[in-house]
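Here is the structure we will look at.
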Amino acid sequence: MPKVPATFSLYSVVGVRRMLLESSGRPKLMRQGTRWMSKTVDMKERLAELIPKEQDRLKKIKKDYGKISLGDTTVDMCIGGMRGIKGMLWETSLLDADEGIRFRGLSIPECQKKLPAAISGGEPLPEGLLWLLVTGEVPTKEQVAGLTKDFRKRSKVPGFVFDVLNKFPTTAHPMSQLSAGIMALQTQSQFAKAYEEGIHKSKVYKGGKTIPPDPKLDYAANYAHMLGFTDKKFHELMRLYITIHSDHEGGNVSAHTVHLVGSALSDPYLSVAAGMNGLAGPLHGLANQEVLRWIQDVVKEVGADVTTEQLKEFVWKTLKSGKVVPGYGHAVLRKTDPRYQCQREFALKHLPDDPLFKMVSKIYEVVPPILLETGKVKNPWPNVDAHSGVLLQHYGLKEQNYYTVLFGISRTMGVLSQVSFRIT
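With this note's numbering applied, the sequence shown covers 5 to 428.
Here you go:
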């Protein structure tokens, strides 16, 4: 692999960015010094203009520089919390040892000079900095005023959030209240609402009934018991599920987040809460739900007794629509995920005639050859998420929104092991 040239740096990436911007022919733009400025006042509208071109820009950077090495990684870097490792493209700011922080290339004095202020000669408005960070452009007074107006519309806090906070004891740390307040507000998330739109909203789990623990049961069986399940086979499934989901290196979102937050000596509650927020993201902890929904779509459109040819057609239809086959592929693995395989063995032992399991087996036969045929997939094999949802459905755990909680309960074992090691 070629080494990165001595002159190549993040500033070189910025240079590529400027080159692309200046040749992109964006609408509604004026030149402002060495930066571009848009006439669009609404940030959402501006992002709608920017995002497609930014996506193309990143694709071009990956195409032109994708094989260039950014340097070597040493053992010291790994033990030292990744200090010095070039591991991400972070364009909103750059910390220079001599110059200090720069926001989108502007130093703090330059921001004070160029960003709109509330009073003449005063300090810059944070709304202006937000516009700069999000768009990469120095905003006009009108753009900042529009953003301030938008903030005002969103400033009312629902009463239930204060109800949550008022339930805290007086000894509660303000940061605990902040985290809880944010999580309470998450119920109003427009992002989550948009993502779930059109998906059936599950009712409160088991009607909100709570079941006390049974001191005679082991951890996994007790968890299954408290979920309302007495089937011993489901207890076995929970033992398997929690075990295979407990840890999977530290590069995934939830594990890395817990490790990162814990490195600040935040206690395990705060660290795990942060990781769970990452796990809730659709690209991380919701994968098994996506698999189950895709399988259900197959049954709905083609039928439970789908033939091999019908399934092939459905897979190709999925791929040609620009989507992926959920549950297949992995960022690291290059063969069938062992966690998939042990779930398959469990199904063969306990539910060999389950219709959805038969569907999963047929998908296992059909999908990998098709993905290899596309020539775009390095790993066409199933991962852990390709199987777990079907097992949970079989035993009656049908509340799909709860599946990520199962994942989270399992993952706490691995991440807390890392946090414990870090703080001891």
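Cβ atoms here follow ideal geometry from the backbone N, Cα and C, with glycine treated the same way.
Let me know the secondary structure DSSP gives residue i once reduced to three states.
i: Asp-357; result: coil
i: Leu-54; result: helix
i: Pro-219; result: coil
i: Met-417; result: helix
i: His-263; result: helix
i: Val-433; result: Limits of the chain in this structure are 5 at one end and 428 at the other, which puts residue 433 out of reach.
i: Phe-350; result: helix
i: Glu-26; result: The predicted model places Glu-26 with a pLDDT of 40, which falls under 50 and marks its position as unreliable; any figure quoted below should be read in that light. The answer is helix: DSSP assigns Glu-26 an H, G or I state.
i: Arg-61; result: helix
i: Gly-185; result: helix
i: Val-319; result: helix
i: Met-86; result: coil
i: Ser-180; result: helix
i: Asn-256; result: coil
i: Leu-338; result: First, the amino acid is wrong: residue 338 is Arg here, not Leu. Residue state, collapsed to three classes: coil.
i: Pro-272; result: helix
i: Ile-391; result: It should be pointed out that residue 391 corresponds to His in this sequence rather than to Ile. The answer is helix: DSSP assigns His-391 an H, G or I state.
i: Val-138; result: helix
i: Asp-154; result: helix
i: Val-20; result: Because Val-20 sits at a pLDDT of 35, beneath the cut-off of 50, its placement in the model cannot be relied upon, and the point is left open.
i: Lys-236; result: helix
i: Tyr-431; result: As displayed, the chain neither begins before 5 nor continues past 428, which places residue 431 out of reach and without an answer.
i: Phe-172; result: coil
i: Leu-287; result: coil
i: Leu-231; result: coil
Identify the residues that DSSP records as bridge partners of residue i: which are they?
i: Pro-386; result: Tyr-332
i: Phe-107; result: Ser-97 and Leu-110
i: Ala-121; result: Pro-128
Quick one: using the 10 Å Cβ neighbour count with 16 as the cut-off for buried, is residue i buried or exposed?
i: Ser-421; result: exposed
i: Ser-414; result: buried
i: Phe-164; result: exposed
i: His-177; result: exposed
i: Pro-162; result: exposed
i: Tyr-407; result: buried
i: Gly-88; result: exposed
i: Ser-275; result: buried
i: Gln-404; result: buried
i: Trp-135; result: buried
i: Glu-253; result: exposed
i: Arg-50; result: buried
i: Arg-108; result: buried
i: Ala-284; result: buried
i: His-204; result: For His-204, the pLDDT reaches just 47, beneath the cut-off of 50, and the residue's location in the model is therefore unreliable, although a value from the coordinates is still provided. Its Cβ having fewer than 16 others within 10 Å, His-204 is exposed.
i: Gly-140; result: buried
i: Val-328; result: exposed
i: Ala-122; result: exposed
i: Ser-392; result: buried
i: Tyr-227; result: buried
i: Tyr-332; result: buried
i: Ile-299; result: buried
i: Met-363; result: buried
i: Pro-128; result: buried
i: Ile-367; result: buried
i: Glu-114; result: exposed
i: Gly-75; result: exposed
Say the cut is 6 Å; is the CB of residue i nearer than that to a heavy atom of the ligand ADP?
i: Ile-65; result: The ligand ADP is not among the ligands present in this structure, which contains no ligands whatsoever.
Inset, instruction - Take every Cβ of the stretch 337-354, pair it with every Cβ of the stretch 237-253, and state whether three or more of those distances are shorter than 8 Å. - result: yes
Inset, instruction - Check whether the stretch 316-327 touches the stretch 256-267, counting contact only when three or more Cβ pairs, one atom from each stretch, lie closer than 8 Å. - result: no
Legend entry - the stretch 328-345 touching the stretch 369-386, judged by at least three CB pairs closer than 8 Å: yes
Inset, instruction - Indicate whether the contact test is met: 3 or more Cβ pairs, each with one atom in the stretch 69-83 and one in the stretch 162-177, closer than 8 Å. - result: no
Inset, instruction - Kindly confirm or deny that the stretch 398-405 and the stretch 266-275 touch, where touching means at least three C-beta pairs closer than 8 Å. - result: no
Legend entry - Segment contact, 8 Å Cβ cut-off, at least three pairs: the stretch 84-103 with the stretch 116-125: no
Inset, instruction - Kindly confirm or deny that the stretch 328-340 and the stretch 367-386 touch, where touching means at least three C-beta pairs closer than 8 Å. - result: yes
Inset, instruction - Would you check if there are 3 or more beta carbon pairs closer than 8 Å linking the stretch 146-154 to the stretch 42-59? - result: yes
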